[in-house]
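Last residue of the sequence shown: 232 in my numbering, with the numbers rising by one and none dropped.
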Amino acid sequence: MPTEEQEFTDFMTEASIKAMELRQKYNKLSDNNKRKFLQYIEPMVRAGGTQGFMNQMNILFNTGKK
167 MPTEEQEFTD FMTEASIKAM ELRQKYNKLS DNNKRKFLQY IEPMVRAGGT
217 QGFMNQMNIL FNTGKK
(Lines of atoms letter the chains of each structure in order from A; the text may use other names.)
(Lines give C-alpha, C1' and ligand atoms only; values in the text may rest on other atoms or scores of the structure.)
Protein backbone atom coordinates (compact mmCIF):
# COMPACT_ATOMS: atom_id res chain seq x y z
CA MET A 167 0.00 0.00 0.00
CA PRO A 168 1.45 3.38 -0.94
CA THR A 169 2.31 5.85 1.74
CA GLU A 170 0.29 9.03 2.10
CA GLU A 171 3.15 11.03 0.55
CA GLN A 172 3.40 8.64 -2.41
CA GLU A 173 -0.36 8.81 -2.91
CA PHE A 174 -0.13 12.61 -3.08
CA THR A 175 2.86 12.49 -5.44
CA ASP A 176 1.05 10.07 -7.75
CA PHE A 177 -2.07 12.26 -7.74
CA MET A 178 -0.09 15.41 -8.54
CA THR A 179 1.73 13.64 -11.36
CA GLU A 180 -1.56 12.50 -12.89
CA ALA A 181 -3.15 15.94 -12.42
CA SER A 182 -0.18 17.60 -14.12
CA ILE A 183 -0.33 15.22 -17.07
CA LYS A 184 -4.07 15.80 -17.50
CA ALA A 185 -3.60 19.57 -17.25
CA MET A 186 -0.95 19.44 -19.99
CA GLU A 187 -3.25 17.32 -22.17
CA LEU A 188 -6.10 19.81 -21.70
CA ARG A 189 -3.76 22.70 -22.49
CA GLN A 190 -2.74 20.99 -25.75
CA LYS A 191 -6.40 20.44 -26.65
CA TYR A 192 -7.22 24.05 -25.75
CA ASN A 193 -4.41 25.30 -27.99
CA LYS A 194 -5.97 23.38 -30.91
CA LEU A 195 -9.38 25.04 -30.48
CA SER A 196 -10.48 27.71 -32.90
CA ASP A 197 -10.25 31.27 -31.64
CA ASN A 198 -14.05 31.33 -31.39
CA ASN A 199 -14.13 28.20 -29.21
CA LYS A 200 -11.33 29.57 -27.02
CA ARG A 201 -13.45 32.67 -26.43
CA LYS A 202 -16.51 30.52 -25.66
CA PHE A 203 -14.52 28.51 -23.12
CA LEU A 204 -13.20 31.65 -21.43
CA GLN A 205 -16.71 33.11 -21.34
CA TYR A 206 -17.92 29.88 -19.71
CA ILE A 207 -15.34 29.83 -16.92
CA GLU A 208 -15.03 33.57 -16.26
CA PRO A 209 -18.23 33.84 -14.16
CA MET A 210 -17.15 30.86 -12.05
CA VAL A 211 -13.78 32.41 -11.29
CA ARG A 212 -15.25 35.83 -10.57
CA ALA A 213 -18.04 34.50 -8.37
CA GLY A 214 -16.01 32.32 -6.09
CA GLY A 215 -12.37 32.90 -6.85
CA THR A 216 -10.14 29.90 -7.19
CA GLN A 217 -12.14 27.80 -4.73
CA GLY A 218 -15.39 28.48 -6.58
CA PHE A 219 -13.75 27.55 -9.86
CA MET A 220 -12.42 24.30 -8.42
CA ASN A 221 -15.84 23.47 -6.98
CA GLN A 222 -17.42 23.99 -10.39
CA MET A 223 -14.77 21.83 -12.08
CA ASN A 224 -15.48 19.07 -9.56
CA ILE A 225 -19.18 19.30 -10.36
CA LEU A 226 -18.48 19.30 -14.09
CA PHE A 227 -16.09 16.35 -14.05
CA ASN A 228 -17.66 14.24 -11.30
CA THR A 229 -21.40 14.55 -11.67
CA GLY A 230 -22.03 16.11 -15.05
CA LYS A 231 -22.53 19.67 -16.15
CA LYS A 232 -24.92 21.71 -14.01
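Every residue, glycine too, gets a C-beta built ideally from N, C-alpha and C.
Would residue i be called buried (16 or more neighbouring beta carbons within 10 Å of its own) or exposed?
i, result
"N221", "exposed"
"K232", "The predicted model places K232 with a pLDDT of 47, which falls under 50 and marks its position as unreliable; any figure quoted below should be read in that light. Exposed."
Residues in its own chain within less than 7 Å of residue i by CB, not counting five upstream and five downstream?
i, result
"M223", "none"
"M210", "G218, F219, Q222"
Excluding the five sequence neighbours on either side, which residues of its own chain have a C-beta within less than 6 Å of the C-beta of residue i, listed in chain order?
i, result
"R189", "none"
"L195", "none"
Pull up the CB-CB distance for residue i and residue j, whole angstroms please, since I reckon it's below 8 Å.
i, j, result
"K200", "Y206", "Contact flag wrong, Cβ pair sits at about 11 Å."
Enumerate, from N- to C-terminal direction, the unbroken alpha helix (DSSP H) stretches of 4 or more residues contained entirely within the segment 167-208. 170-194
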